[in-house]
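Participant: Structure below; questions to follow.
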Amino acid sequence: MPWTAPLALIALLSLPATAAAAPPRALSAQEKLGKRLFFDEDLSANRNQSCASCHAPAFGTTGDASAVNATGAVYEGSVPGRFGNRKPPSAAYAGASPRLHLDEEKQWVGGMFWDGRATGDTLGDPLAEQAQGPFLNPLEHALPDAAELVKRVCAASYGPAFRAAWGKQACSGDAQADYARIGRSIAAYERSAELSPFSSKYDAVLAGKAELTPREASGLALFVGAGKCAECHPATPGPKGEPPLFTDFTYDNLGMPRNPLNPFAFQAEANPAGTAWVDEGLGGALRERGLPAAVHEPELGKFKVPTLRNVDLRPRSKKAPAGEPSKAYGHNGYFKSLREVVHFYNTRDSLPACPPGSKGEKVTCWPAPEMSRNVNKEEMGNLGLTPAQEEDIVAFLRTLSDGWRN
Ligand code: HEC
Ligand code: HEC
């Protein structure tokens, strides 16, 4: 992308005040139904796991187990001992991702999951299509088939609400159609004002109702300027005043190191490659779809740009800030703080390489990338930021947490 930061900054600072963040409205019947499905643990093999188990609203719809976040960062499924292979991304603010496609610049855009494999081609809506997946994934909810899921939904206390929302054809024997209705209901909730409320301090600033502190304002200037962050995580409202989502839904390989504690490395059945396993991201998903080497190889190791909304959000006690719960970042959860992420973008290429586990790792040296092909060398790696500027960017990222009050 061309280097347009100063313009972007000028545009941001001269924005007209957009509509004030609307007070949260009540959920529609459809959204309420989606909420029941999202939190229902009965919809898993051992009736012990819901979507919220890995996408807890208090943690910005990511995992809420501090000890897991601090280590492997990958969550156990309904069946004990079975783990997936990636860190749960936010399930909110994802609803605007288009169907996976190649744009005019021949870049892949859209889809759902870190690797885009929920393309949206089946239901026309990647978010609804994604919401069907976890129920039947043996490493997640682990139900045997769509018929079992539909049986449980139709028999649930909210079964009547499901029929009321979808009409009398619902729960009448067409399991595939009901399966799609379940996906669409959950997507409606994920897009609702409850999971995607746009109620952060930064939203209030865009609405002209709050001001950034000098530190946060410096962080924003760096975010859209010398840090180049906004080239992939857009921070300015769209042409019709749409609030920014902090993702352009494209894919990149940041050259993130592997997370040696990823439990997937030790899942002999699901992962015969063991610790030699490398996550191939979008390229792997495109190969699975049968796309030739010329198409999938340039995408190996690339992952979807995640939203940065609620990236810092977690329950905090003012009394014990030191005991705040951990979060993990990146597709494999290698990073454990925003400070580490920003330091990586700034110094990946200017600091020496070191073996994982070395003294000084993440501070004075970085391990090799998980996937050395297709690493982005243009927009990151040696930004020349000072430690204080890194801190300013972190301060800005903290303004993206929902539920901000004056
Ligand atoms: C065991 C943990 C777990 C459970 C349970 C789970 N998820 Fe996820 N979710 C993940 C992980 C891990 C990913 C990323 C997987 C990948 O990219 O391959 C993910 C990805 C997603 C995404 C994609 C976001 C994006 O921007 O691409 C959405 C949306 C989502 N989950 C919603 C749900 C819903 C809805 C449910 C319940 C039906 C659910 N999840 C259940 C762990 C979980
Ligand atoms: C070239 C595109 C690009 C640029 C520039 C970029 N990012 Fe990212 N960002 C990504 C991608 C892609 C990921 C996910 C990578 C992965 O998981 O392997 C990511 C992940 C993140 C995450 C982790 C979020 C999570 O929920 O796990 C944070 C935080 C982040 N970026 C902040 C920044 C900041 C701050 C800057 C500027 C200093 C920046 N990014 C610049 C593409 C970009």
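Positions in the sequence shown are counted from 1; adding 492 to them yields the working numbering.
We put the beta carbon where it would ideally sit given N, CA and C, even for glycine.
Just so we're clear, the structure is a prediction, and the values are computed from it rather than from any experiment.
In terms of residue numbering, what span does the alpha helix (DSSP H) encompassing Y837 cover?
Facilitator: Y837 -> alpha helix (DSSP H) spans 830-839.
Participant: Tell me whether K594 is buried or exposed, calling it buried when 16 or more other Cβ atoms sit within 10 Å of its Cβ.
Facilitator: Position check: residue 594 holds Leu in this sequence, whereas Lys was assumed. Classification of L594: exposed, given that the 10 Å Cβ count is below 16.
Participant: What residue does the alpha helix (DSSP H) around W658 start on, and which one ends it?
Facilitator: Run containing W658: 651-658, per the alpha helix (DSSP H) assignment.
Participant: Under 7 Å: does the beta carbon of N561 sit that close to some heavy atom of ligand 2?
Facilitator: For ligand 2, not one heavy atom lies less than 7 Å from the Cβ of N561.
Participant: Going by DSSP in three states, A845 sits in which element: helix, strand or coil?
Facilitator: In the structure shown, A845 sits in a strand (DSSP, three-state: E or B).
Participant: Tell me the DSSP secondary structure of P568 in three-state form.
Facilitator: Rather than Pro, the amino acid found at residue 568 in this sequence is Glu. Here E568 sits in strand by DSSP.
Participant: Tell me whether the beta-carbon of E761 lies closer than 8 Å to the beta-carbon of G775.
Facilitator: No, they are not a contact pair.
Participant: Find the nearest neighbour of G564 within the set A768, R779, G555, judged by alpha-carbon distance.
Facilitator: Measuring from the Cα of G564, the nearest candidate turns out to be G555.
Participant: Following a CB-centred definition, is C871 positioned closer than 7 Å to any heavy atom of ligand 2?
Facilitator: What sits at residue 871 in the sequence shown is Glu, not Cys. E871: yes, Cβ under 7 Å from ligand 2.
Participant: For C546 and A757, what's the separation of their Cα atoms in angstroms?
Facilitator: Straight-line Cα distance between these residues: approximately 20 Å.
Participant: Grab me the residues of G873's own chain with a C-beta within less than 6 Å of its C-beta, minus the 5 sequence neighbours each way, in chain order.
Facilitator: These residues qualify, in order along the chain: R840, D841.
Participant: Does the Cβ of Y567 lie closer than 7 Å to at least one heavy atom of ligand 1?
Facilitator: True, at least one ligand heavy atom lies under 7 Å from that Cβ.
Participant: Along the alpha helix (DSSP H) that carries E883, what are the first and last residues, could you check?
Facilitator: Counting along the chain, the alpha helix (DSSP H) containing E883 begins and ends at 879-889.
Participant: Which word fits G700, buried or exposed, when buried means at least 16 other C-beta atoms lie within 10 angstroms of its C-beta?
Facilitator: So G700 counts as exposed.
Participant: Can the beta-carbon of G675 be found less than 8 Å from the beta-carbon of L615?
Facilitator: Contact: yes.
Participant: Decide if V767 is buried, meaning its Cβ has at least 16 other Cβ atoms within 10 Å, or exposed.
Facilitator: The residue asked about is misnamed: residue 767 is Thr in this sequence, not Val. Per the 10 Å Cβ criterion, exposed.
Participant: Between F530 and the rest of its own chain, which residues show a CB-CB distance below 7 Å, the 5 nearest in sequence each way excluded?
Facilitator: Once the five neighbours on either side are set aside, the close Cβ partners of F530 are S542, C543, A544, I678, Y681.
Participant: Taking the continuous alpha helix (DSSP H) assigned at L698, which residues delimit it?
Facilitator: Run containing L698: 693-698, per the alpha helix (DSSP H) assignment.
Participant: Evaluate the contact criterion for the region 602-609 versus the region 565-573: three or more CB pairs, one atom per stretch, below 8 Å.
Facilitator: Cβ pair count under 8 Å is below three, so no.
Participant: Is the Cβ-Cβ distance between P798 and T878 less than 8 Å?
Facilitator: Contact: no.
Participant: Can you tell me whether P581 sits near ligand 1, meaning its C-beta is under 7 Å from at least one heavy atom of the ligand?
Facilitator: P581 Cβ: within cutoff of ligand 1.
Participant: Determine the direct distance from the alpha carbon of A559 to that of R609, and round the result to whole angstroms.
Facilitator: Each residue's Cα considered, the two are about 29 Å apart.
Participant: Any heavy atom of ligand 2 closer than 7 Å to the Cβ of M748?
Facilitator: True, at least one ligand heavy atom lies under 7 Å from that Cβ.
Participant: What separation, rounded to the nearest whole angstrom, lies between the Cα atoms of E640 and D534?
Facilitator: Going from the Cα of E640 to the Cα of D534 covers about 11 Å.
Participant: Rounded to the nearest angstrom, what separates M863 and V770 at their Cα positions?
Facilitator: So the alpha carbons of these two residues sit roughly 7 Å apart.
Participant: What are the boundary residues of the alpha helix (DSSP H) that includes C663?
Facilitator: It is not in any alpha helix (DSSP H) - C663 carries neither H nor E in the DSSP assignment.
Participant: Assign T891 to one of two classes, buried (16 or more other C-beta atoms within 10 Å of its C-beta) or exposed (fewer than that).
Facilitator: Buried, by the Cβ-count rule.
Participant: Judging by CA-CA distance, which residue of K819, H835, E723 is the nearest neighbour of K828?
Facilitator: Selected option, being the one with the closest Cα: K819.
Participant: Check the C-beta distance from N577 over to N802 and give it rounded, since I have them as a contact under 8 Å.
Facilitator: Contact doesn't hold; Cβ gap of about 23 Å is too wide.
Participant: Can you grab the Cα-Cα spacing for the pair P735 / S692, in whole Å?
Facilitator: Each residue's alpha carbon lies about 11 Å from the other.
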